[in-house]
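Step one of this worksheet: look at the structure below.
Number of protein chains: 2
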Amino acid sequence: MSADVDKVFKALAAPERRLLLDRLHADNGQTLGQLCQQMNMTRQAVTKHLKLLEEATLVATVWRGREKLHFLNPVPIHDIAERWIDKYERDRLRALAELKTKLEGENNG
Amino acid sequence: MSADVDKVFKALAAPERRLLLDRLHADNGQTLGQLCQQMNMTRQAVTKHLKLLEEATLVATVWRGREKLHFLNPVPIHDIAERWIDKYERDRLRALAELKTKLEGENNG
DNA sequence: ATAATATGCAACCTATTGGTTGCATGTAAA
DNA sequence: TTTACATGCAACCAATAGGTTGCATATTAT
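Chains as they are written, first to last, in my numbering: chain C, 4 to 112; chain Z, 4 to 112.
Written out as C-alpha cells, the structure is:
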C-alpha cells in the first residue's frame, strides 16, 4: 500500500526533494554520498530531505556495508495520479470552457 | 500558460487547500463566504489559502458585486500530470521490479 | 440614510521547516 | 590496529507558514 497521501504531497512540495527523486529516476540505487553531490547544502540537510521522502514511501533504502542505497518507489506517485489527478483530468475541458466564459462574461477588470 | 511548477506543488501540499479545490470541483464558482463554511478556521485564514491557490493559477476569481466568485483552473494540474507525473509512470513497472529484487536481495534487516 | 453583508488589509503570535555545527558510531582500508 | 570513510543523532537558529484579532471599505438591503 501507499503512504498517507498528505505525506506524499508534502514530500513533493520542495524542489530539492523533487530533484533528489529525479536523480534517482535517472540513476537508481545511489548512496547518500552520491546524492549529496551537486546539492548545495550539508549532508545532514540532504539526510533530512531523504527522510521525508522515505516517510512518504517515495524512496526505500538498503544498507550495503557502511553505505546506504536509495531506491525509487513508484507506487505513491502512481496512486496520486490515479486517485487524485485523474479526477480533475476527467472534467478538464469542461472546466476550462466554463472558466473562459466566466472570466470573459462577468469580469471587467 | 501554467504557473511556476513549484508554486503549484506547494499549493497542493496542504490538505485544507486540496479540500478547497475538491469543493470547487464539486461546485464551481463559489463565493468566499460559501467556501468558508465547513472550514474550521476564520475567513481570513481561508482567504490566505485561496490566495496561494490563485498565485499558483489553480483558481481564478471574478467579482460579482460585493461577492468574489472562485473558479477552478484545470491547466496547472494537467501540466503537472503531463510534465512530471508521466515521466515516472512510464518506468513504473520497471522501477517496481527493481525495488523488489533490491529489497529482497540485499537487505537483511 | 442607515444597517447589514462580503470582503480586504495589516499586525501579531506560534509552530514548523530547512538549514547549520558538533560529536558519536560502525565499517572498510592501510 | 590505526586511520579514513559513510553515516546517524541532537542541539540550535533563522525564516516561513498558518493561524488569530482588529479595523477599513465597498456593496446591498431596509
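Each residue gets a CB set at the ideal place from its N, CA and C atoms; glycine is no exception.
To the nearest angstrom, how far is the alpha carbon of P79/C from that of V78/Z? Between the C-alpha atoms of P79/C and V78/Z there is a straight-line separation of about 22 Å.
With H, G and I counted as helix, E and B as strand and the rest as coil, what does DSSP make of R69/Z? Collapsing the DSSP output to three states places R69/Z in coil.
Tell me whether L75/Z counts as near the ligand FMN, meaning its Cβ is closer than 7 Å to at least one heavy atom of that ligand. Annotation note on the ligand FMN: not contained in the displayed structure, which lists no ligands.
Give the range of the alpha helix (DSSP H) segment to which A29/Z is assigned. First-last of the alpha helix (DSSP H) with A29/Z: 18–29.
Indicate the three-state DSSP secondary structure (helix, strand or coil) for L75/C in the structure shown. Per DSSP, reduced to three states, the secondary structure at L75/C is strand.
Determine the chain Z residues that contact G32/C at a beta-carbon separation under 9 Å, and present them in chain order. Within 9 Å Cβ-Cβ: E101, K105.
Residue range of the alpha helix (DSSP H) that includes A84/Z: For A84/Z, no alpha helix (DSSP H) encloses it, and the DSSP letter there is neither H nor E.
Inter-residue CB distance, R26/C and L38/C (contact presumed, cutoff 8 Å): Between L38/C and R26/C the Cβ distance is about 7 Å, and since that is below 8 Å, they are a contact.
T104/Z (DSSP reduced to helix, strand or coil): Residue state, collapsed to three classes: helix.
How far does the alpha helix (DSSP H) with Q47/C in it reach, from first residue to last? Q47/C -> alpha helix (DSSP H) spans 46–58.
Please classify L102/Z as buried or exposed, where buried requires at least 16 neighbouring CB atoms within 10 angstroms. Classification for L102/Z: buried.
Please state the DSSP three-state secondary structure of N111/Z. For N111/Z, the predicted model reports a pLDDT of 41, less than 50, meaning its position is unreliable; a value from the coordinates is still stated below. In the three-state reduction of the DSSP assignment, N111/Z falls in the coil class.
Would you report the Cα separation of L106/C and R86/C, rounded to the nearest angstrom? Their backbone Cα atoms lie some 29 Å apart in a straight line.
According to DSSP, what are the bridge partners of A63/Z? A63/Z is bridged by DSSP to F74/Z.
Residues of its chain near E58/Z, where Cβ-Cβ distance is below 8 Å and the 5 sequence neighbours each way are ignored: Around E58/Z: A6, K10, A14.
Any beta carbon from chain C within less than 8 Å of V65/Z's own beta carbon? Yes, contact with chain C.
Just to confirm, are H73/Z and Q33/Z a CB contact at a threshold of 8 Å? It is a contact, given that the beta carbons lie within the stated cut-off.
Would you kindly check if the distance between the Cβ of N31/C and the Cβ of A98/Z is under 8 Å? Result yes, Cβ atoms of A98/Z and N31/C sit closer than 8 Å.
Out of Q41/Z, G36/Z, H52/Z, T60/Z, which one is the CA nearest neighbour of V8/Z? Minimum Cα-Cα distance from V8/Z among the listed residues Q41/Z, G36/Z, H52/Z, T60/Z corresponds to T60/Z.
Are the C-beta of D9/Z and some C-beta of chain C separated by less than 8 Å? Judged by the 8 Å Cβ criterion, D9/Z is in contact with chain C.
Report the option in D94/C, G108/C, T104/C whose CA atom is closest to the CA atom of H28/Z. Per the Cα distances, D94/C.
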